[in-house]
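Here's the structure we're looking at; comments come further down.
2 protein chains.
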Amino acid sequence: MIPKGFLFSTAEAAIKYSRRKDLALIYSDREANIAGVFTTNSVQAAPVRLDMKRIKSGKGQAIIVNSGNANACTGKKGMQDATETAERVAHGLNINPSLVYVCSTGVIGLPMPMERVRPKISELTDNLGRSNIQDVATAIMTTDTFPKIVYQKVKIGNKTGIIAGICKGAGMIWPNMATMLCFLMTDIAVEQKTLDKTLRDAVKKSFNRISVDGDRSTNDTVLIMANGTLGNPLITENSEPYNVFKTALQEVTLNLSKLIVKDGEGATKYIEIEVKGARSEAEAEKAAFSVANSNLVKTAIYGNDPNWGRIMAALGYSGVKMKEEKVDIYFGKIQIVNKGTGTGKDEKAAEILKGTKLRITINLNLGRSSAKILTCDLTEEYIRENIAYRT
Amino acid sequence: MIPKGFLFSTAEAAIKYSRRKDLALIYSDREANIAGVFTTNSVQAAPVRLDMKRIKSGKGQAIIVNSGNANACTGKKGMQDATETAERVAHGLNINPSLVYVCSTGVIGLPMPMERVRPKISELTDNLGRSNIQDVATAIMTTDTFPKIVYQKVKIGNKTGIIAGICKGAGMIWPNMATMLCFLMTDIAVEQKTLDKTLRDAVKKSFNRISVDGDRSTNDTVLIMANGTLGNPLITENSEPYNVFKTALQEVTLNLSKLIVKDGEGATKYIEIEVKGARSEAEAEKAAFSVANSNLVKTAIYGNDPNWGRIMAALGYSGVKMKEEKVDIYFGKIQIVNKGTGTGKDEKAAEILKGTKLRITINLNLGRSSAKILTCDLTEEYIRENIAYRT
C-alpha cells in the first residue's frame, strides 16, 4: 500500500557494520511539496542544518538516509560530506540538488566514511524500485529491533489517497523527537503551507509526547512529501477535505510514536501516562513528562511494584501547580491513590502491572485540561545496550 | 570528635525491617540555635511540614529520625503521628515539644507503624549517650551501603570548636537534596540569622549540586544545631570569625555530598562534571546538570566508553546558550573535543575512564562563569535496587 509515484532503493555501505543495509533513497517521480520538523537541540548535525535551509523552498523530490553515523559534531567536513552526498544523488537522478534532502543517524563525532558511501550512491539511483518500503525502514534502524511502518487510506472526494510513514528511534526519545527519523509520503495534493501546519500539529501530539530516556539527539528529523499524484484539488486549510487529511496524518504519526515506545531500548512494558484535571494542557504535559521521565517510576513498573509514592514525588517536583490532597491515581481501572493517600489496593494493582501494557491515569483535580504521554519501563537491558553503543 | 553538649541514642523499632537500628535521637543538653533547609517538592512529608513550622522560632534541642517509612502521602494521620512522636520525645526529655524536630525517610504512602515506634521512644530518651554518632548515621540509612560522617575542627579565637555532620541518601538525589537527610551539630555559638544564611549558602554549593538519578524526594531535610557550648562570642555575619566558620561548614557539607555520590545506588564511578566559560553561574550549573542527568552519558561512562557525542547532545538540549564550534571537553587532562569536534584521543580517554574517579571538564568558551556537579554512573545494579525497593 504505497502512495503513487514513490520509489525506493537501499544499499550496503558498511558505514558502521558490514553486511547490513545502511543507506536508503526515497524518490518521488515528480517534484513534491515538502514540510519538515527538526531537532530543537542547539547541537545540530550537518544534514539537519542542510535540510533546514533547503526546506525553505517548500519543494523536494528525494531523501537519502544513512544509519551508523550521525554526521554530527563533524565540523566543516561534515557539511561538505552532506552537500556532496546530495549533489551525487541529484546528478544520478538528474534533478536539482536543492530538491535532495539528507538524513543521518548513528554515532556522533566520527567523520562520515565517504570513501564507502560515494560508490553506493549511483547504486541507489540506478536501482530505484528494486527495494520496497520495508527495506528502507530496515536500512534506517540503529538500536531498533523491528522496522516501523504505518499506512493509512484517506478518502478525498471520490478518490482514495494513501499516507505511508516509516520511522526509526528507540533510545534517546524525549520530548523533541530525539534520535528519531520519520519519513511520511502521500500522493494527496496538499498546499505547502497547509502541509507544514498539519505536520507541526501532528508532531506536537505524537512524537513530542513520547519519552524513552529523557535524552534528545542532534539529528531528529520528520519530513513529509506530498506529490499530488492522486490528482485531487489542492487541499488548503479552508477546503473541505482538510479535516480528513489532518485526522489521518495525526493517526499515522501517533501510531508510529507507539511503535517507537514499544521498541524502547530494553523495554518490557508499554506505558501510557495521562494527566487530567490540570489547569492547562501545558501543565498536564509537564506533569505527565515528569512522571514518564522518572527513573524511579520506570524501574518500579519494570519490577511490577505499584509504588505510587514515586509518582506523587515526581508530580511534586514537576514544577506544575498541584495539591497533594486532591490527587487521584489509577493503574488501569484500579484506584491506587484517593485524595493524596493510598487506597490499599496494591495487590490488585500489582496484578495489572504484570501485563506488557499499562495505563496510568492521574487526576490533579484542579482544572479541565489533560495530556497523554507514551513511555516504557527502564531495565537492565537498557544499560547493557548503552554501555558501549559505539563499539 | 563530637561537639560538646550533644548526646545520642538509637533503637530497633522494626519499622520496615527487624533487627536493625531504625530510630535515632540527637539531643543537645541546652537549647540551641537551629536552621534548616527543606525539600522544594510540592509533596512534602508530614514531618517536613511540622519542622518547617517549628523552625520559624530558630530554636531547637532534639531531633528524632526514623528510616524505613517516609510518613509522606499519609494524610491527617501522618501529621498526627509526627506530632505525637515529638510530644513523646519532649515528655521524656522534659523539654517543650516545640524544640523537637522529626525526620523520616523510607517508603512513601504507608502509615507509620506507631504501635512499634511508641514504646521505643522512652528507650531513646532514657538511654541518651549510650549510642555514638556512628550508630545514628547507621540508623538513618536506607539503601546507603555505608554510614556517612564528617568532622571538622574550627579555630575560633583561642578556642577550638567542632562541626560534625551525618547524612544519608543514595538514590533520588537531584538537585534539591532528594531522599536526603543531613544533621549538622556544632558547639560554636552562632547567631541564628547568621546560622541560617551560612547553611543556605553551603547547601547551595554542595547538596544542591549533586545528582544520582534526577529524582527528588518528599522528605529532604538539612538541619544544623549550634548550641554555643564552646563559649565563644556569638558569631555574626560581621564578626571576625565568620569567614572561618563559613568555610568550615562549606567543607563539611561538600565532603558529605561527595560521600552521597560515592554511595549512589549501584554506582561504580564517582564523577565530577565542571562547566567553565559559561555566561553565568546559573547557566554553568544548568549545563552541567544536563550532562550529569543524562542516562546515556552515565551508561557510557559505566561502560568505559568516552562517548563525547552524548555530552555534546546533552549540552545542546540543556537550554543554555552554547556554540557547538566553541566547545572544548576534557576527560581528566586528555582533551577529547576541540572546538566542537573530536581530537581522536579516544583510546587515551578510555584508559582514564577505567578508574573509579573521573573528572570531566567542559569549556563553553562564552564567558567566565563555572559550576561543578558531582554525580555517578548508571548501572544494572541501580535498576535491580529500585525494582522492588518496597518489598
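Those protein sequences? They're chains C and R, same order as listed.
Everything in the first sequence is counted per the numbering used here, starting at 2 for the first residue and increasing by one.
Everything in the second sequence is counted per the numbering used here, starting at 2 for the first residue and increasing by one.
Built from N, CA and C at the ideal position, the CB exists for glycine as well.
Source: prediction; values computed, not measured.
Residue i - containing beta strand (DSSP E), residue span
i        : result
MET186/C : 182 to 187
GLU32/R  : 24 to 39
ASN70/R  : 60 to 70
ARG360/C : 358 to 364
THR269/C : From DSSP, THR269/C is part of no beta strand (DSSP E); its letter is neither H nor E.
TYR18/R  : Where TYR18/R is concerned, there is no enclosing beta strand (DSSP E), given that its DSSP letter is neither H nor E.
TYR102/C : 101 to 108
ASN233/C : No beta strand (DSSP E) holds ASN233/C; DSSP gives it neither H nor E.
SER371/C : 370 to 377
PHE332/C : 329 to 332
ALA190/R : Looking at the DSSP string, ALA190/R is not in any beta strand (DSSP E), and its letter there is neither H nor E.
THR11/C  : 7 to 12
Proximal residues to residue i (C-beta, below 6 angstroms), its chain only, five neighbours per side dropped
i        : result
ASN128/R : SER10
THR362/C : GLU275, TYR331
ALA190/R : GLY229, ASN233, LEU235
VAL66/C  : ALA25, CYS104, ILE141
GLU326/R : LYS340, GLY341
GLY110/R : CYS74
SER132/R : PHE9, SER10, THR11
ASP197/R : ALA36
MET178/R : Note that MET178/R has pLDDT 35, beneath the 50 cutoff, so the model's placement of it is unreliable and the number below is only indicative. The residues are PHE208, ASP221.
VAL253/C : VAL151, GLN153, ILE164, GLY166
MET313/C : none
THR300/C : LEU379
Within chain R, the residues that residue i reaches when beta carbons sit closer than 7 angstroms
i        : result
ASN95/C  : Near ASN95/C there are no residues of chain R at all, since even the closest Cβ is about 35 angstroms away, more than 7 angstroms.
SER218/C : ALA314
ALA73/C  : GLY310
LYS170/C : Sequence inspection shows Gly at residue 170/C; the Lys mentioned does not correspond to that position. Those do not exist, as GLY170/C stays about 14 angstroms from chain R at its closest Cβ, beyond 7 angstroms.
GLY76/C  : GLY341, THR342
MET323/C : SER43
Interface partners of residue i on chain R, CB under 8 angstroms
i        : result
ARG385/C : GLU381
ASN42/C  : ALA314, GLY317, TYR318
Reference residue i, options the options, closest by Cα
i        : options                                : result
ASP378/R : ILE335/R, GLY61/R, ILE272/R            : ILE272/R
ASN381/R : ASP329/R, GLY93/R, GLU284/R, ALA268/R  : Note that residue 381/R corresponds to Glu in the displayed sequence, not to Asn. Taking only the C-alpha atoms, the option nearest GLU381/R is ALA268/R.
GLY320/R : ASN305/R, LYS287/R, GLU348/R           : LYS287/R
THR144/C : ALA283/C, TYR152/C, SER68/C, GLU348/C  : SER68/C
THR146/R : VAL108/R, SER207/R, LEU260/R, THR357/R : LEU260/R
ILE211/C : ARG20/C, ARG385/C, ALA372/C, ASN97/C   : ALA372/C
ASN97/R  : GLY304/R, ASN294/R, GLY61/R            : GLY61/R
GLU88/R  : ARG55/R, LYS194/R, GLU238/R, VAL108/R  : ARG55/R
LEU367/R : GLN336/R, GLY304/R, THR126/R, ARG280/R : ARG280/R
GLY107/C : TYR18/C, VAL38/C, MET323/C             : TYR18/C
THR40/C  : LYS205/C, GLY356/C, PRO112/C           : LYS205/C
GLN193/R : SER370/R, LYS149/R, LYS57/R            : LYS57/R
VAL245/R : LYS156/R, GLN135/R, VAL101/R, ASN308/R : LYS156/R
ARG1/R   : VAL90/R, GLU348/R, LYS334/R            : Chain R is shown only over 2 to 392; residue 1/R falls outside these bounds and no answer can be derived.
9 angstroms Cβ cut-off: residues of chain R touching residue i
i        : result
VAL108/C : ASN308, GLY310
Within 7 angstroms, strictly: CB atoms of residue i and residue j
i        : j        : result
LEU413/R : GLY130/R : Residue numbering for chain R in the displayed model covers 2 to 392; residue 413/R lies beyond these limits and cannot be assessed.
ALA12/R  : LYS121/R : yes
ILE27/R  : ILE64/R  : yes
GLY345/R : ASN42/C  : no
ASP30/C  : GLY6/C   : yes
THR195/R : THR237/R : yes
ASN364/R : GLY278/R : yes
VAL338/R : ALA315/R : no
ASN70/C  : MET113/C : yes
For residue i, the first and last residue of its enclosing alpha helix (DSSP H)
i        : result
ASP52/R  : 47 to 55
SER218/R : Here SER218/R belongs to no alpha helix (DSSP H), and DSSP marks it neither H nor E.
VAL338/C : That residue, VAL338/C, is in no alpha helix (DSSP H); its beta strand (DSSP E) goes 335 to 339.
TYR243/R : 243 to 263
SER123/C : 115 to 127
ILE302/R : 296 to 303
Cβ neighbours of residue i in the same chain (closer than 7 angstroms, five flanking residues each side left out)
i        : result
ALA83/R  : ALA47, PRO48, LEU51, ASN72, VAL103
ALA138/R : PRO148, LYS149, ILE150, ILE167
ALA203/C : LEU250, GLN251, THR254
Beta-carbon proximity list for residue i, same chain, < 8 angstroms, skipping 5 on both sides
i        : result
LEU185/R : ILE164, ALA165, GLY166, LEU200, VAL223, LEU224, ILE225, MET226, LEU250, VAL253, THR254
ASP306/C : ALA351, LEU354
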